[in-house]
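The structure under discussion appears below in the form of structure tokens.
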Amino acid sequence: MGNFFNDLITIIGSSYKTSKEIYDFLGWLFAFLVAYRTVYFVIGIFFTRKFKPAKKQHKYGILIAARNEKYVIGNLLDSINKQDYPKELLKVFVVADNCTDNTAEIARSKGAICYERFDEEHKTKGFALEFLLDNIEKDYGRMNFEGFFIFDADNLLKSNYITKMNDAFDSGEKIITSYRNTKNFDENWVASTYALHWIRSIRTGHRARSVLRLATNIQGTGFLFASEIVKNGWHYTSLTEDRALTADAVAQGYMISYQDEAEFFDEQPTSLKIALRQRLRWSKGHLLAFVETAPQLLLNIFFGTKFLKVKWSREERKKKKLSQRFFESLKQRFASFDVLMLQTPFSVFNIVRWLIVAVIIYSCYTYVNGINNFELISKSTFVGKLIFKLFNFKVNVEPGYAALGMGILLAVWARLFYRFCVYFGNMWIAVYLFIIERSRMIKIKFWKKVLFVFTWPIFDIIGRYTTYVALFKKVTWKQIPHESKVTIDDLNKAIK
Amino acid sequence: MSYIDQFYKEGLATTFYQGPTKFIKKKIKNKNIADFLCLLIKIFYTVFAVLFAILMFIVNFPL
Chain A
1 MGNFFNDLIT
11 IIGSSYKTSK
21 EIYDFLGWLF
31 AFLVAYRTVY
41 FVIGIFFTRK
51 FKPAKKQHKY
61 GILIAARNEK
71 YVIGNLLDSI
81 NKQDYPKELL
91 KVFVVADNCT
101 DNTAEIARSK
111 GAICYERFDE
121 EHKTKGFALE
131 FLLDNIEKDY
141 GRMNFEGFFI
151 FDADNLLKSN
161 YITKMNDAFD
171 SGEKIITSYR
181 NTKNFDENWV
191 ASTYALHWIR
201 SIRTGHRARS
211 VLRLATNIQG
221 TGFLFASEIV
231 KNGWHYTSLT
241 EDRALTADAV
251 AQGYMISYQD
261 EAEFFDEQPT
271 SLKIALRQRL
281 RWSKGHLLAF
291 VETAPQLLLN
301 IFFGTKFLKV
311 KWSREERKKK
321 KLSQRFFESL
331 KQRFASFDVL
341 MLQTPFSVFN
351 IVRWLIVAVI
361 IYSCYTYVNG
371 INNFELISKS
381 TFVGKLIFKL
391 FNFKVNVEPG
401 YAALGMGILL
411 AVWARLFYRF
421 CVYFGNMWIA
431 VYLFIIERSR
441 MIKIKFWKKV
451 LFVFTWPIFD
461 IIGRYTTYVA
471 LFKKVTWKQI
481 PHESKVTIDD
491 LNKAIK
Chain B
1001 MSYIDQFYKE
1011 GLATTFYQGP
1021 TKFIKKKIKN
1031 KNIADFLCLL
1041 IKIFYTVFAV
1051 LFAILMFIVN
1061 FPL
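Chains as they are written, first to last, in the numbering used here: chain A, 1 to 496; chain B, 1001 to 1063.
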């Protein structure tokens, strides 16, 4: 038995050098696949797409899914009623989803059309929207509206929000997302990490993609889509309906634009427990969205517009010149690739790669060869290089079981140290965001900004580990409570 | 708004170009000197922005 293990470890260890080459190649490949995003980052520093004032004011339906939202829904409806857009062109629909409070009553008192739904089995927001759009079809006809907005009950809109979104819609865009600001940025560090995350996604994704006329990603709320998208109803009922819609829309040939001038506010969780629960749901939803949509996106990358399902796109394409069609096909392929990269759970691939090569095979290798001058401080990051200059330790262990155990420990240490350096290095992003977006943020005390810079990396750390947990855990939809009494007038004052 | 306008009116420009320019125009009464200083700030901001973009590219580039 002892000999069997000894032989097994020796065989595994002997493949280390080849495995390490594959490991390094995969690392390089993953980095190469997402390297183009650096260009997004640079474009996002300076530019975003601007839309000309609309020639026509379009008719929209506003969809709000609410579950026990009595504290916040009134303020959202007030902010909608204060829009500088003709009232006769807007109709607000609320689905009071499994409510046990007076959400429906408040919604009706503020002029919204409210449908009540009671279904404890199908609990996601997607199911509520499906129910709402089915009822709209029965009572009003979905195609009687040119487009639909989707908001969460805790949102608040700036008074020109719909006018600005109409500018983008009138320019021919079919799906448009908007600037997501935060109501309670300075409430505590948990809320601040979310707030910074939304701004980061604007600066590093939405802005550049809008400039390049590519497809950005929808983020749950604060977006508008043409009614043709839901001509046959709403089919995105997974845990993260936004990811599913993004991937499906792009897979079908739609681009998703971004209107920087349309701004809304959102309430972020302030409790770590609720944040963890929400992030776990997102992670699970992202993994499912990847599994569901990756094949169609891959098909689009390799075959361009050939397999697109959308008819309007096909008819419009026929009118265009060959060169234009070629360019569009190229754009479609790249947009599909971009969304696929967004959906791909690289952290999962990386942890599998690391477990197999850096932990198992490396420790077996050390069992035979021992550990020779292993540097505890890795120089693979800027922070690592800095720490290396200050001090460094080398580890040497003779071959045998001690080396095997130490090999595992060192692999774990190297990984943790690398991730720590990456996260610590990412603090500068928070500084950058605080400077570049300061005119749009609510006023925050300086000491709080400093604190939030230090706590900011926790957002990405949570995301990474909830993804690992989501691989094995069954996740169900649970409500995120909203209790903020802040109104849009309060926020306008706080930003001035 | 053109992209050049955006470059000088939004984001970093509000802090590093618009802010100092407004301050100079408010504090310096001599128009010629104020214009000259504003031009200097514009040149400084342009160089700074380009260098910043290059630095950001290097820092973010994963390869």
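Virtual Cβ for every residue (Gly too), placed ideally from N, Cα, C. Note that the coordinates shown come from a computational prediction; the quantities given were computed from them, not determined experimentally.
Flag this pair as yes or no: are the beta carbons of Ile-301 (chain A) and Ser-363 (chain A) separated by less than 8 Å? no
Use the C-beta contact count for Trp-447 (chain A): other C-beta atoms within 10 angstroms, 16 or more gives buried, fewer gives exposed. exposed
Whole angstroms is fine: what's the gap from Ser-1002 (chain B)'s alpha carbon to Glu-1010 (chain B)'s? 12 Å
Closest by C-alpha distance to His-235 (chain A), when choosing among A:Thr-467, A:Phe-127, A:Leu-416 and A:Lys-474: A:Phe-127
Against chain A, does Thr-1046 (chain B) count as a neighbour if the rule is that its beta carbon must be under 8 Å from one of theirs? no
Thr-1046 (chain B) versus Val-431 (chain A) - alpha carbon distance: 21 Å
Could you have a look at Asn-396 (chain A) and say whether DSSP puts it in helix, strand or coil? strand
Flag this pair as yes or no: are the beta carbons of Ala-262 (chain A) and Ser-210 (chain A) separated by less than 8 Å? no
Top-ranked residue by Cα proximity to Ile-175 (chain A), from A:Gly-222, A:Ser-283 and A:Glu-120: A:Gly-222
Report the residue from A:Phe-382, A:Ile-488 and A:Ala-195 whose alpha carbon sits nearest the alpha carbon of Pro-269 (chain A). A:Ala-195
Tell me which residues share the same chain as Thr-246 (chain A) and place their Cβ nearer than 6 Å to its Cβ, disregarding the 5 neighbours each side in the sequence. Asn-217 and Ile-218
Can you pull the DSSP bridge partners for Phe-149 (chain A)? A:Ile-62 and A:Leu-224
Taking DSSP as the reference, what is the three-state secondary structure of Asn-372 (chain A)? strand
Taking 8 Å as the CB-CB limit, is Ala-1034 (chain B) close to chain A? no
Between the Cα of Trp-428 (chain A) and those of A:Phe-382, A:Asn-392, A:Leu-157 and A:Phe-472, spot the shortest distance and give me the residue it belongs to. A:Phe-382
Phe-51 (chain A), DSSP secondary structure in three states: coil
Alpha-carbon spacing of Leu-322 (chain A) relative to Glu-328 (chain A), whole angstroms: 10 Å
List the residues of chain B that Ile-436 (chain A) touches, going by C-beta distances under 7 Å, in chain order. Gly-1011 and Leu-1012
Listed from N- to C-terminal order along the chain, which residues in the segment 43-65 of chain A have their beta-carbon within a distance smaller than 8 Å of any beta-carbon of chain B? Ile-45, Phe-46, Phe-47, Thr-48 and Lys-50
Short of 8 Å in beta carbon distance, which residues of its chain neighbour Lys-1025 (chain B), apart from the five on each side in sequence? Order them along the chain. Ala-1034 and Cys-1038
Whose Cβ in chain B lies nearer than 7 Å to the Cβ of Val-34 (chain A)? Pro-1062
Cβ of Ser-439 (chain A) less than 8 Å from any chain B Cβ? yes
How would you list, in chain order, the residues of chain B whose beta-carbon sits under 7 Å from the beta-carbon of Thr-38 (chain A)? Phe-1057, Asn-1060 and Phe-1061
Of all the CB atoms in chain B, is at least one closer than 8 Å to the CB of Phe-41 (chain A)? yes
I'd like the span of the alpha helix (DSSP H) that includes Glu-261 (chain A), first residue to last. Per DSSP, Glu-261 (chain A) belongs to no alpha helix (DSSP H); it is in the beta strand (DSSP E), 256-266.
Chain B within 8 Å of Ala-262 (chain A), Cβ atoms only: no
Any idea if Phe-459 (chain A) is buried or exposed, counting beta-carbon neighbours within 10 angstroms, 16 or more meaning buried? buried
Using three-state DSSP, classify Asp-97 (chain A) as helix, strand or coil. strand
So, does the CB of Gln-1018 (chain B) fall closer than 8 Å to a CB anywhere in chain A? no
Going by Cα to Cα distance, which pick from A:Leu-214, A:Asp-139, A:Phe-424 and A:Val-486 is closest to Tyr-503 (chain A)? Missing from the structure shown is residue 503 (chain A); chain A here goes from 1 to 496 and no further.
Proximal residues to Asp-186 (chain A) (C-beta, below 6 Å), its chain only, five neighbours per side dropped: Ile-444 and Lys-448
Below 8 Å, how does it come out for the segment 58-65 of chain A and the segment 138-152 of chain A: are there three or more Cβ pairs, yes or no? yes
How close, in whole Å, do the beta carbons of Thr-467 (chain A) and Val-348 (chain A) come, if the pair is a contact with beta carbons under 8 Å? 6 Å
Between the segment 236-243 of chain A and the segment 154-166 of chain A, are three or more C-beta pairs nearer than 8 Å? no
Examine the Cβ distances between the segment 107-124 of chain A and the segment 30-46 of chain A and report whether three or more of them are shorter than 8 Å. no
What does a CB cutoff of less than 6 Å around Gly-44 (chain A) pick up in its chain, not counting 5 residues either side in sequence? Arg-203, Thr-204, Arg-207 and Ala-208
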